[in-house]
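Peer 1: Heads up: take any position in the sequence shown, counting from 1, add 4, and you land on the numbering used here.
Beta carbons: idealized from backbone N, C-alpha and C, even for Gly.
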Amino acid sequence: MLISHLQETIQHSDILTQILFNRTMVQLGLCAFRHGMIKEAHNALQDIQSTGRAKELLAQGLNLKNQDRTPEQEKLEKRRMLPFHMHINLELLECVYLTSAMLLEIPYMAAHEYDYRRRPISKSFHYQLRLSDKQSLVGPPESMREHIVAASKVMRTGDWKSCKNFILAVSCWELFPHSEKVKEMLTRKIQEESLRTYLFTYNKVYDSISMHSLAEMFELSPQIVHSTISKMIINEELQASWDEPTQTLVLHHGAEPTYLQSLTLQLSDKLNTLVDHHERILDFKYGPIFQREKGKGGEKGKTGEHKGHQNKGKKNQDRFGNRDRGDRGNRGHRNDRNDRRT
Numbered sequence: 005m006l007i008s009h010l011q012e013t014i015q016h017s018d019i020l021t022q023i024l025f026n027r028t029m030v031q032l033g034l035c036a037f038r039h040g041m042i043k044e045a046h047n048a049l050q051d052i053q054s055t056g057r058a059k060e061l062l063a064q065g066l067n068l069k070n071q072d073r074t075p076e077q078e079k080l081e082k083r084r085m086l087p088f089h090m091h092i093n094l095e096l097l098e099c100v101y102l103t104s105a106m107l108l109e110i111p112y113m114a115a116h117e118y119d120y121r122r123r124p125i126s127k128s129f130h131y132q133l134r135l136s137d138k139q140s141l142v143g144p145p146e147s148m149r150e151h152i153v154a155a156s157k158v159m160r161t162g163d164w165k166s167c168k169n170f171i172l173a174v175s176c177w178e179l180f181p182h183s184e185k186v187k188e189m190l191t192r193k194i195q196e197e198s199l200r201t202y203l204f205t206y207n208k209v210y211d212s213i214s215m216h217s218l219a220e221m222f223e224l225s226p227q228i229v230h231s232t233i234s235k236m237i238i239n240e241e242l243q244a245s246w247d248e249p250t251q252t253l254v255l256h257h258g259a260e261p262t263y264l265q266s267l268t269l270q271l272s273d274k275l276n277t278l279v280d281h282h283e284r285i286l287d288f289k290y291g292p293i294f295q296r297e298k299g300k301g302g303e304k305g306k307t308g309e310h311k312g313h314q315n316k317g318k319k320n321q322d323r324f325g326n327r328d329r330g331d332r333g334n335r336g337h338r339n340d341r342n343d344r345r346t
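1) Are LEU3 and LEU199 touching if we call contact CB-CB under 8 angstroms?
2) Please tell me whether ASN26 and LEU80 are closer than 8 angstroms, where the distance is taken between their beta carbons.
3) Starting from THR55, trace the beta strand (DSSP E) both ways and give me its first and last residue.
4) In the DSSP assignment, what residue or residues form a beta bridge with TRP246?
5) Looking at the secondary structure, which residues open and close the alpha helix (DSSP H) in which ILE237 lies?
6) If you drop the 5 nearest sequence neighbours on each side, which residues of the same chain put their C-beta closer than 6 angstroms to that of GLY325?
7) Please go through the same chain and pick out, in chain order, the residues whose beta-carbon is closer than 7 angstroms to the beta-carbon of ARG323, but skip the five residues on each side of it.
8) Whose C-beta lies closer than 7 angstroms to the C-beta of LEU133 among residues of the same chain, with five residues either side of it excluded?
9) Taking PRO249 as the reference, give the member of LEU271, THR262 and HIS216 with the closest Cα.
10) Assuming ILE42 and LEU108 are in contact, meaning their beta carbons sit under 8 angstroms apart, how far apart are those beta carbons, in whole angstroms?
11) Quick test of your reading: ASP211 and LEU255, contact by CB under 8 angstroms. State the CB separation rounded to the nearest angstrom.
12) Which residues mark the beginning and the end of the alpha helix (DSSP H) in which ILE19 is found?
13) Could you tell me whether the Cβ atoms of GLN177 and LYS168 are closer together than 8 angstroms?
14) Cutting at 7 angstroms between CB atoms, please list the residues of its own chain near LYS208, excluding the five before and the five after it.
15) Could you tell me the alpha carbon to alpha carbon distance between GLN227 and MET85, rounded to whole angstroms?
16) Mind checking which residues open and close the beta strand (DSSP E) that includes SER126?
17) So what's ILE213 in DSSP terms, helix, strand or just coil?
18) Excluding the 5 residues preceding and the 5 following GLN251 in the sequence, name in chain order all residues of the same chain whose CB lies nearer than 7 angstroms to its CB.
19) Quick check: what's the CA-CA separation for THR191 versus GLN243?
20) Can you name, in chain order, every residue of its own chain whose Cβ lies under 6 angstroms from the Cβ of MET29, other than the five neighbours on each side?
21) In whole angstroms, what separates the C-alpha of PRO111 from that of LYS138?
22) Check whether the Cβ atoms of THR201 and MET159 sit closer than 8 angstroms, and answer yes or no.
23) Can you tell me whether LYS185 is buried or exposed, with buried defined as 16 or more other CB within 10 angstroms of its CB?
24) In or out: CYS35 buried (at least 16 other Cβ within 10 Å) or exposed?
25) Could you compute how far the alpha carbon of ASN320 sits from the alpha carbon of TYR290?
26) Please classify ALA173: does DSSP put it in a helix, a strand, or coil?
27) Once you ignore the five residues that flank ALA63 on each side, which residues in its own chain have a CB closer than 7 angstroms to its CB?
28) Name the residue from PHE204, SER147, PHE129 and PHE170 whose alpha carbon lies nearest to the alpha carbon of THR161.
29) For PHE288, does the three-state DSSP call read helix, strand or coil?
30) Go to ALA154, then tell me how far its alpha helix (DSSP H) extends in each direction, as first and last residue.
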């Protein structure tokens, strides 16, 4: 599907081909989830689930909110509807998508807790979390969405057992063929992602921690714990190193900024953005800054030269004035002498 680049030109195809493409992508996503490929399953299901019109895109029902269609268009859309025995369970589809988003989003949120630039991996998953936070009284989960939200909250603290109980309590998993294998895969993924979330959340508390204690805490084999943490170190997600003789993880705290430092960096970035914004406004009104400064320098030079010429003129006038006065005085003195002689 990816090599064919069909997703780039599918919007130009006829409607029946688009429906077939949507159903194929959904089936690929469900198949990837059954085999433990969480990221691939999330990417395959994201385009369908993010629109909120999965029923219409899969030709399993009509959107009753759209009342602009004519009777003829409604008849054509009803003819495209698939029979019930070919329907894909929409609740199972949403459950798989939200569970995949939880396994990807919770460790990412723990790793970038103080990063204000982080972008959500799944907007619909964050929407469900915000809805739960707005509720004044949160009781025991009842619906599928509430179970996933409750599992996400306990996963933040590294409590993988409660997370597993909330997730496996959803009845949708029984719709999968070989559902027991799917549940085992889910349990293993929850253990691994809870381990990563625990290290991201509480790494500042530890100076070192034993690999065997982590294996006992999350009921994983030491080999899986070692490989999981080694991937985090290689990807520069965790500042740590292994002490092989003692099988201990040594954590380094110098490179990670504190909460106050992250807030300071956030403030400095916002101030830089504000300064750039004001400079653009000034450039738009009065022209670039260097032209304005150049113009000011030229005006200063011109005013200095003009003042210099004025001062020189005044000096010359004073000199000539004094000479004129002196000449006039001398002429008057000579006339007085002539008068006396006469």
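Peer 2: By the coordinates alone:
1) Outside the displayed range of the chain (5 to 346) lies residue 3, so it cannot be described from this structure.
2) No, these two residues do not count as a Cβ contact at 8 angstroms.
3) Counting along the chain, no beta strand (DSSP E) covers THR55, and no H or E run does either.
4) Bridge pairing for TRP246: LEU253 [DSSP].
5) Unbroken alpha helix (DSSP H) run through ILE237: 226-238.
6) With a pLDDT of only 47 at GLY325, under 50, the local geometry of the prediction cannot be trusted, and the value read off the model is given with reservation. Within the same chain, GLY325 has no close Cβ partners at all.
7) The pLDDT assigned to ARG323 is 45, lower than 50, so where the model puts this residue is not dependable; a value taken from the coordinates is nonetheless given after this. Taken in chain order, the list of residues that qualify is empty.
8) Here the set comprises VAL153 and SER156.
9) Minimum Cα distance to PRO249 is reached at HIS216.
10) Between LEU108 and ILE42 the Cβ distance is about 6 angstroms, and since that is below 8 angstroms, they are a contact.
11) With a Cβ gap of about 6 angstroms, ASP211 and LEU255 count as contacting.
12) ILE19 -> alpha helix (DSSP H) spans 19-38.
13) Position check: residue 177 holds Trp in this sequence, whereas Gln was assumed. Taking 8 angstroms as the Cβ cut-off, TRP177 and LYS168 do not qualify as a contacting pair.
14) Once the five neighbours on either side are set aside, the close Cβ partners of LYS208 are HIS257.
15) Straight-line Cα distance between these residues: approximately 50 angstroms.
16) The continuous stretches of beta strand (DSSP E) do not include SER126, and DSSP gives it neither H nor E.
17) Residue state, collapsed to three classes: strand.
18) Closer than 7 angstroms at the Cβ level, and outside the excluded window around GLN251, lie SER214, MET215 and HIS216.
19) A straight-line Cα-Cα distance of about 27 angstroms links THR191 and GLN243.
20) Excluding residues within five positions, the ones whose Cβ falls inside 6 angstroms are ALA48.
21) Roughly 23 angstroms between the two C-alpha positions.
22) Yes; because the gap between Cβ atoms is below 8 angstroms, this pair is in contact.
23) LYS185 comes out exposed.
24) Counting the other Cβ atoms within 10 Å of the Cβ of CYS35 gives fewer than 16, which makes it exposed.
25) Low confidence applies here, because ASN320 scores a pLDDT of 47, under 50, leaving its location unreliable and the question unanswered by this model.
26) Here ALA173 sits in coil by DSSP.
27) Counting only residues of its own chain and dropping the five nearest sequence neighbours on each side, ALA63 has a CB closer than 7 angstroms to the CB of ILE23, ARG84, MET85 and LEU86.
28) Checking every option, the nearest Cα to that of THR161 belongs to PHE204.
29) In the structure shown, PHE288 falls within a helical segment according to DSSP collapsed to helix, strand and coil.
30) Membership of ALA154 in the alpha helix (DSSP H) is indicated by the continuous run 148-160.
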